[in-house]
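Accompanying notes for the structure given below.
Protein chains: 2
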Amino acid sequence: MNAPLVETKTLGIERPFRFESGRTLKRIDIAYETYGELNGKRDNAILIEHALSGDAHAAFYHEGDQKPGWWDSMIGPGKAFDTDRYFVICSNVLGGCRGTTGPASLDPATKRPYGLTFPPVSIRDMVEAQRVLLKHLGVERLKTVAGGSMGGMQALQLFCDYPSRSDSFICIASAMKHSAQQIAFNEVGRRAIMADPRWNDGNYDDDVSPEGGLSVARMIGHITYISERMMQEKFGRQRKGIGTKTVFRPSFEVEHYLDYQGIAFVKRFDANSYLYITDAADNFDLMASISSKGRFRGQNRERGMNIGDMRAKKGLVISFSSDWLYPSSQSREIVRLFTAMNVQVSYTEIETEHGHDAFLTDCGKPSQIIRGFLASLG
Amino acid sequence: MNAPLVETKTLGIERPFRFESGRTLKRIDIAYETYGELNGKRDNAILIEHALSGDAHAAFYHEGDQKPGWWDSMIGPGKAFDTDRYFVICSNVLGGCRGTTGPASLDPATKRPYGLTFPPVSIRDMVEAQRVLLKHLGVERLKTVAGGSMGGMQALQLFCDYPSRSDSFICIASAMKHSAQQIAFNEVGRRAIMADPRWNDGNYDDDVSPEGGLSVARMIGHITYISERMMQEKFGRQRKGIGTKTVFRPSFEVEHYLDYQGIAFVKRFDANSYLYITDAADNFDLMASISSKGRFRGQNRERGMNIGDMRAKKGLVISFSSDWLYPSSQSREIVRLFTAMNVQVSYTEIETEHGHDAFLTDCGKPSQIIRGFLASLG
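Protein chains in written order, with the numbering used here: chain A, 665 to 1042; chain B, 665 to 1042.
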């Protein structure tokens, strides 16, 4: 069988989009991909939510590419999110830099990138943009909404804001709100970007961008994404290219690895987007958000949660034993909250050495569990 | 009783100092302080080794200062390192920037700071500089050599290189060699400095130094120095000054804390020193170092280890339960090594929430243990 191909499409929304902050943009684009087909009853749609550095390209191949989308091990014919059965959708988040409107997009009024004039983005704003996309695709109700890390936050937000719109949620390696340490790691990444003079208060061109700062931010991230033990097994104190070592250039294997990750990232990511998206994750607080629902009623009468709505709902929460960035204790908090809300929640902590990255790199057991969970939805 | 005063003194060594790399400097300065008096038998001296950002000012007050030295809770009359009984010495490490010669010192040949022309520094080089100081002070034999974190590395190195020169060692929250994760955190700090264009390959002036990069390096360090739980208890998701929040400026308390730590650090520390000293710690490998002793015999016939020498020796190893940067497993490795070398090693893991910083901030239990250990030396 040939590898299935996909293209990223763009939905242009030619009417004002209102952010949670109250600010509006006159128009936005949403980049998205779909896999599989929406059935006649329109009841087989699944929304996939990406994490900090992900994008709309969750599965299949782009023409000519050697590598598939970031969750191709989970999405496809016969896979956990089985595209022979489900219509799977993934879009780039609002504030991102991979096709959906974000701070690197051109402001139609100035023909210059928005930069820091872009409105602050919240997890709820991301979900609201996805709602517009779902409507465009003719999807009124989701079988499930699923994501890992910041994708899990979006899944929880959508599920709580629109309980009548999704039968279930799948939340992997995520949290209802960031701890001080999680905020701290993100803040240091932001500081690394802002400390780079090329950042220039967010006004930079492609040819002089804060690459140094952004790569440092990504390096910090990568340390937190894998377990201490896996890093030790993978790299230990091995060295590479000592012969050519100049002072303070990478010498240990782990230094080369981080260096490579930093350089690869700046080629595909925008520094201002990094600021906006990490800020959205740090400011996410599910409990505060759903208890302040009254605030949003004026904007959208449908939004709002009713515990009665939750009785027939299901949730799946997965954490990883060696994930020290989003420890299992945070997943257990999610389980407790939704159990109290009468949602039938299944929870598994998977034994793995892959750390937080397991949601991307160790998909065997999660696949089995998700397959069973989706089957249980009927 | 008035607070005891101390001054930092400087020993100028007007003869070539040879580094482990084989390179030499024509002269070096060593900044040091002493507390208490050397007795007639000259057998009551204790050498204190400082960590990454420490200096010679370990205890007592500088005239006019509000704060004492960094280990004042441990060193003083009646304290663990009792200056009524012991002659306590602390010096700034070679490669440092607090009085001892380092990359920020002026190269006599060029009248400009050494910058990256400074020779690479090893933990052994630091110890060799201390040896010159001890000789100057008339100290032939130490009661003990003690330090936390990188200070513990120096203590182990001195104890192994000169077993006839110290009755014992005290090694707190340290390691025989850095793990991949420890190297990774240091490397990201170095990258943050080097990514700052003001670093300029190490050639910068005081008025345009890589402050942004150095402060980011320090912020990363501070996350790793305290436990996740303590950070949560101390800061949680509390906010400060929201009213005045401009986009991406610190809003959460933990952001303000890290910001403050970063700014305070750049006022007293040199960016190139940070590169050299973290490089020394990353390259430290006690086992490799002591098994390659033959290499150094030509330089110093006295150096070298003999397991027979170790029988009457004692060691004290302390780790902290919540220290995730230097986990207890690394301290247990030290215990195993020295036990195999016939040293009588005591080991305690202290329950604390202070994380790695406990060696500086939670000195109650360590004080008791050290007091007992020193008493056992007779």
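Note that beta-carbon positions come from the ideal geometry of N, C-alpha and C, so glycine has one too. Model, not experiment: these values are computed from the prediction.
- Contact annotation: Ala768(B) and Asp869(B) have beta-carbon atoms that are not nearer than 7 Å.
- Annotation: Thr808(B) to Phe984(B) spans about 21 Å, alpha carbon to alpha carbon.
- At least one C-beta of chain B is nearer than 7 Å to the C-beta of Arg855(A).
- For Gln1008(B), no Cβ of chain A is located within less than 7 Å of the residue's own Cβ.
- By the rule that beta-carbons nearer than 7 Å mark a contact, Pro767(A) does not touch chain B.
- Annotation: Cβ neighbours of Leu939(B) in chain A (cutoff 9 Å, chain order): Val911, Phe912.
- Chain B places no beta carbon closer than 7 Å to that of Leu797(A), leaving this residue out of the contacts.
- In the three-state reduction of the DSSP assignment, Lys690(A) falls in the coil class.
- In the structure shown, Val981(B) adopts extended strand secondary structure according to DSSP, grouped into three states.
- In this structure, His1020(B) sits near Ala837(B), with a CB-CB distance shorter than 7 Å.
- Look at Tyr826(B) here: in three-state DSSP terms it is coil, with no helix or strand label.
- Chain A places no beta carbon closer than 7 Å to that of Ser830(B), leaving this residue out of the contacts.
- In this structure, the CA atom of His886(A) is about 13 Å from the CA atom of Ile847(B).
- Distance from the CA atom of Leu798(B) to the CA atom of Ser1040(B), rounded to whole angstroms, is 24 Å.
- Neighbours of Gly900(A) in chain B, taken as residues at a C-beta separation under 7 Å, are given in chain order as Ala844.
- Along the segment 767-785 of chain A, going in chain order, the ones with a CB nearer than 7 Å to a CB of chain B are Leu780, Pro784.
- Within chain B, the C-beta atoms nearer than 7 Å to that of Gly877(A) come from Ala859, in chain order.
- Only residues of its own chain outside the window of five on either side were considered, and among them Met814 have a CB closer than 6 Å to the CB of Ala945(B), listed in chain order.
- Around the beta carbon of Asp871(A), fewer than 16 other beta carbons sit within 10 angstroms, so the residue counts as exposed.
- Listed along chain B is no residue with a C-beta nearer than 7 Å to that of Ile927(A); the closest approach is about 11 Å.
- Rounded to the nearest angstrom, the Cβ distance from Gly733(B) to Ala723(B) is 4 Å, consistent with a contact under 8 Å.
- For the segment 751-764 of chain A, there are no residues whose beta carbon sits under 9 Å from a beta carbon of chain B.
- Legend: CB atoms of the segment 705-716 of chain A lying less than 9 Å from CB atoms of chain B are not found in any residue.
- Straight-line measurement puts the Cα of Lys904(B) at about 14 Å from the Cα of Ala844(A).
- With a contact defined as Cβ atoms closer than 8 Å, Lys977(A) and Asp831(A) qualify at about 7 Å.
- Here Thr808(A) carries a strand assignment [DSSP, helix/strand/coil].
- If the five residues before and after Arg975(A) are omitted, its C-beta is found closer than 7 Å to the C-beta atoms of Asn1006, all from its own chain and listed in chain order.
- Look at Ser993(A) here: in three-state DSSP terms it is helix.
- For Val981(B), the closest Cβ of chain A is not nearer than 7 Å.
- Shown here for Pro668(B): same chain residues with a beta carbon closer than 6 Å to its own, the five before and five after excluded, namely Phe724 in chain order.
- Our two residues, Tyr696(B) and Arg805(B), have alpha carbons roughly 18 Å apart in a direct line.
- With respect to chain B, the C-beta atom of Gln994(A) has no partner C-beta closer than 7 Å.
- In the three-state DSSP reduction, Tyr725(B) falls in the strand class (E or B).
- In the pairwise beta carbon analysis, the segment 751-762 of chain A is classified as not touching the segment 668-681 of chain B: fewer than three pairs are separated by under 8 Å.
- Between Ala810(A) and Ile712(A), the C-beta spacing is below 7 Å.
- As DSSP reads the structure, Val752(A) sits in a beta bridge with Tyr699(A), Ile710(A).
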